[in-house]
Amino acid sequence: MLSLDFHPTGRHFLQIPGPSPVPDRILRAMSLPTIDHRGPEFGALGMKVLAGIREVFQTKHPVVIYAASGTGAWEAALVNTLSAGDHVLMVETGHFAALWNKMALQLGLVTEFLVTPGSDAVFPEAPHWRRGIDASQIESRLRQDREKKIKAVCVMHNETSTGVVCDIAAVRKAIDAAGHPALLLVDSISGLGSADLQHDAWGIDVTVGGSQKGLMMPPGIGFNAISPKAIEASKTATLPRVFWGWDEILAMNADGYWPSTPNTNLLYALNESLDMLLGEGLPNVFARHLRWAAGVRAAVNAWGLPIQCADEASYSPALTGVLLPKGVDADALRKTIHRRFDLSLGMGLGKLKGRMFRIGHLGDSNDLTLVAALAGCEMGLKLAGVHLEGSGVRAAMDHFAAHEARLGNAAQCNAER
Ligand SMILES: *Cc1c(COP(=O)(O)O)cnc(C)c1O
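Remember, this note's numbering sits 139 above the position in the sequence shown when you count from 1.
Here it is in C-alpha cells:
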C-alpha cells in the first residue's frame, strides 16, 4: 500500500488534465505568511489579482473569486442567474456536461440535454462524445422557443472528459441569429489559461473557471466572470444563494476584500500565476499548448490508436484522450504505468470508463517532460500487450524538433542582452 510518506526519487509525472503540475515559483509564493484578510496589505493583493484575472478571461467586467473548486463556481453561475423551474438548454459533450446538467436538475431547473447527431464506427456507444457542439442545433431549438421559456444555454468550452474544445463564439452567434434572449453560461474550468477564451468578444454571460488546470495552481479557487446582462439577471433570479451571492462579494471587491475569509495563500499563488501567464503573453501561452497538443497527437497517431476527439477542428489544446482497443482495460493500464513509471494519467470518465486514458498537456511542463510522459505511456502500452504501429515517442521528438519552442519573456530578454 502507498502511504503518505511514499516519495520516489525524481519528479512525479502528474499528467492528468488537472490538477496540473504546479511550478516551484507558485509553490514558493504560497509559502509566504498568511496575513490579516482585513488589513491594508491584503487589499492591495486583492486589487492586483482581481485586475489580473480579468485579463486572463479577456474581459473588462468583474470576475468573482471563490474559495471553492470548479463545482462550486458551476453552482454559483446557476444560482445567481436563474429561478426554480427555469428552462435551460445544455449539450451532452461528455461527462462534465452531464455533471453540470445533473446539478441543474438538483437545483430545480428544467433541463433539455441536446445530443449532437452523428454516427461513429470507433465508439458507436456515444458518437456525440467525440465531437463538439453543433451551433445550428442550438439555433433551431431556440427558434422553436417562441415563448422564450429557455433562460440560459449552458455549454462546455473545453470538455475535459473527452479532449474536445467547442466553438463558443459560434454558440453566441446561434443565440443571436435566433433572436433569443437566453443567457450564455460557459464552463471553461479546463480551458482557462490553456485555450483561447474571450469572455467579452464571444458574448459570454458567465464563464466558470477553476485554479487547478491551465492556471497551474493547486485546487481551491473557482471563478465566475460575469457580463452586465448576467448581473441584471441576478437582480431578479430567485434560486437560494448565500455564500455564492455575487452582490455582496462585488461590493467588497471594490477595495480588494471579501465578505468571508478568502484563501489567502491561494491568492498568493494566483498572483504568481498571473505574473507568469501575462508575462509570457496569452498568445504565447495558447501557442505553447497548441504545440504540445500537436506533439502528443503525433505520438498517438504513430501508435495507431484513435484519438477520442474525432474532429480535427475540435482538438483540445489542454489534453488528448486515447481510445484503446476493445478488451484492453484502460484502468489496469493506467495502474501499471503509475506503479512502474510514477506517471499519473487521466481515467476514462462516465461512458468512457475503462475504454480510454487521457494525457494532460497543461501546467508546469515543457517539450521534454511531454516526451518523457509519452515514453511512460509507450512502455506501459507495450507491457499491456497493446499492438502499436510505431513509436509515438519518436514522432513526438520529430514534432518538437521541427517546432521552435517559444521562450517566455524573461528568457527572451536575457537572450537579447
Ligand atoms: C475539473 C473540471 C470540473 C470540476 O471542477 P472541480 O474543481 O473538480 O470541482 C468541471 N468542469 C470541467 C470542464 C473540468 O475540467
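Note that the Cβ used here is the ideal one computed from N, Cα and C, for glycine as well. Note that this is a predicted model, so its numbers are computed, not measured.
| Query | Result |
| --- | --- |
| Straight-line Cα distance separating R427 from A550 | Because the pLDDT of A550 is 48, which lies under 50, any placement of that residue in the model is unreliable, and the number read from its coordinates should be weighed accordingly. Roughly 15 Å separates the two Cα atoms. |
| G349 and S208 closer than 8 Å at C-beta | yes |
| DSSP bridge partner residues for M96 (one or two, in chain order) | It is not possible to answer for residue 96, since the shown part of the chain is limited to 140 through 556. |
| Where the alpha helix (DSSP H) containing G182 begins and where it ends | 179-196 |
| Rounded C-alpha distance that separates M140 from A260 | Per-residue confidence for M140 stands at a pLDDT of 49, beneath the threshold of 50, marking its modelled position as unreliable; no derived number is given. |
| Distance cut-off 7 Å: K241 Cβ against heavy atoms of ligand 1 | no |
| Whole-angstrom distance between G434 and G529, CA atom to CA atom | 15 Å |
| Residue from R478, S170, H319 with nearest C-alpha to H151 | R478 |
| K352 and P156 closer than 8 Å at C-beta | yes |
| Heavy atom of ligand 1 within 7 Å of N363 beta-carbon | no |
| Helix, strand or coil at Q337 according to DSSP, with G and I counted as helix | coil |
| Chain C contact for D339 (CB, 8 Å cutoff) | Protein chains in the displayed structure number just one, and chain C is not present. |
| Between the CA atoms of W341 and I307 - distance to the nearest angstrom | 7 Å |
| Residue range of the unbroken beta strand (DSSP E) whose run includes L253 | 249-253 |
| Spatially closest choice to D344 from F262, K312, A369, G384, by CA coordinates | A369 |
| Among M415, V203, T198, the one whose alpha carbon lies nearest that of V161 | M415 |
| Cβ neighbours of S333 in the same chain (closer than 6 Å, five flanking residues each side left out) | G353, H428, P456, A457, L501 |
| Rounded Cβ spacing between G531 and F480 (contact assumed at less than 8 Å) | With a Cβ gap of about 15 Å, G531 and F480 do not count as contacting. |
| Pair within 8 Å by beta-carbon distance, L217 and M186 | no |
| beta-carbon K352 near ligand 1 non-hydrogen atom, thresh 7 Å | yes |
| Classification of T232 by the beta-carbon crowding that lies within 10 angstroms, buried from 16 upward | buried |
| Assigned exposure category for A183 - 16 Cβ within 10 Å defines buried | exposed |
| For M229: DSSP bridge partner residues | F252, C293 |
| Separation of N240 from D394, as counted between CA atoms | 35 Å |
| Start and end residues, alpha helix (DSSP H) containing T148 | Element bounds for T148: n/a, residue is neither H nor E. |
| Which of helix, strand or coil DSSP assigns to G359 | coil |
| Pairwise C-alpha distance: T475 and P147 | 16 Å |
| Range covered by the beta strand (DSSP E) that runs through D315 | Taken as a continuous stretch (DSSP letters only), D315 belongs to no beta strand (DSSP E), being part of the alpha helix (DSSP H) at 307-316. |
| Host beta strand (DSSP E) of T346 (start-end) | 345-349 |
| Check whether W385 and E214 have beta carbons under 8 Å apart | no |
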